[in-house]
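In short: position in the sequence shown from 1, add 150, done, that's the working numbering. Worksheet for the structure shown next.
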Amino acid sequence: MELDIAVNESTPSSAGEAPEGAPEGAPQDATFEASSGPAFEKVRLGPGEQKSDEQLRRELTVLLFAASEPLSHPRLVELLERPAPARVVAALDALRAELETSELPLVLRKVAGAWRLLTDPEFAHVVNRLRSEPKPERISAAALETLAIIAYRQPVSKAEIEAIRGVQAGPVLRGLVDRGLVRITGRAELPGAPLLYGTSKEFLERFGLSALKDLPRDGELNED
């Protein structure tokens, strides 16, 4: 059954209320039409309509915090599992009001027709301290492969790394040492006493590990 109604973003319906014009007992997956302007778009209500106003607001906050770009109203409706569009507008209003009265240095802004959670401009000088820090260089695929071999097989020599990868490892290995991700741990008891390599504390910090035992194992890597 399709029911056509216009949802005004400025007067959102309360949580759990059936949209005006919907017959009593209308199914939750009924299709309604919502508008944020002259154009209409069809919205099929989903599991999000069963969520409380508080849960919607909390999930909305998490989405806006984690998003790397502004989120439009239709996108938020989808990410929140399709509650009534007016309820998303109400959640945005509630979040904005909460931020205005709280001591958190955050603001909710509409940017190019989409929503974004931003730091308060008053604290721009604090954010600039972070931006002025040197950003870590990106690691190439070859360096990541070499780093993985060292992490799982350390202490390991350059010859062992080259035997596994099938290519010369010298330049990549030197680059990892220069970045502080790999360190020399000693020498192997072999002819020529080749250097042995292992990962560093910087490696653990860079990849969010507390110890080498936290590296994923074969079984974990094969899990979907």
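Glycine included, C-beta positions come from ideal geometry on N, C-alpha and C.
A straight line joining the alpha-carbon of Ser-290 with that of Leu-323 spans about 12 Å.
The residues Val-322, Gly-325 and Leu-326, in chain order, have a CB closer than 8 Å to that of Ala-293 in the same chain once the five nearest residues on each side in sequence are set aside. Of all C-beta pairs linking the stretch 264-277 to the stretch 209-225, three or more are shorter than 8 Å, placing the two stretches in contact. In the DSSP assignment, Val-322 falls outside any beta strand (DSSP E) and lies within the alpha helix (DSSP H) extending over 320-328.
Under the three-state reduction of DSSP output, Gly-336 falls in the strand class. In the three-state reduction of the DSSP assignment, Leu-195 falls in the coil class, being assigned neither a helical nor a strand state. Secondary structure remark: continuous alpha helix (DSSP H) runs of at least 4 residues inside the stretch 191-271, in chain order: 203-216, 223-229 and 235-251.
Contact between the stretch 293-313 and the stretch 336-351 is present: three or more C-beta pairs spanning the two stretches fall below 8 Å. In the assembly as shown, Phe-273 is an exposed residue. Its beta-carbon has fewer than 16 other beta-carbons within 10 Å.
Counted as a single uninterrupted DSSP element, the beta strand (DSSP E) harbouring Leu-345 occupies residues 345-349.
Sequence-distant Cβ neighbours of Gly-198 in its own chain, meaning closer than 6 Å and more than five residues away, are Leu-230, Glu-231, Arg-232 and Pro-233. Between Glu-352 and Leu-331 a beta carbon distance of about 6 Å is seen, short of the 8 Å cut, so the two are scored as contacting.
Bounds of any alpha helix (DSSP H) do not take in Lys-363, whose DSSP letter is neither H nor E.
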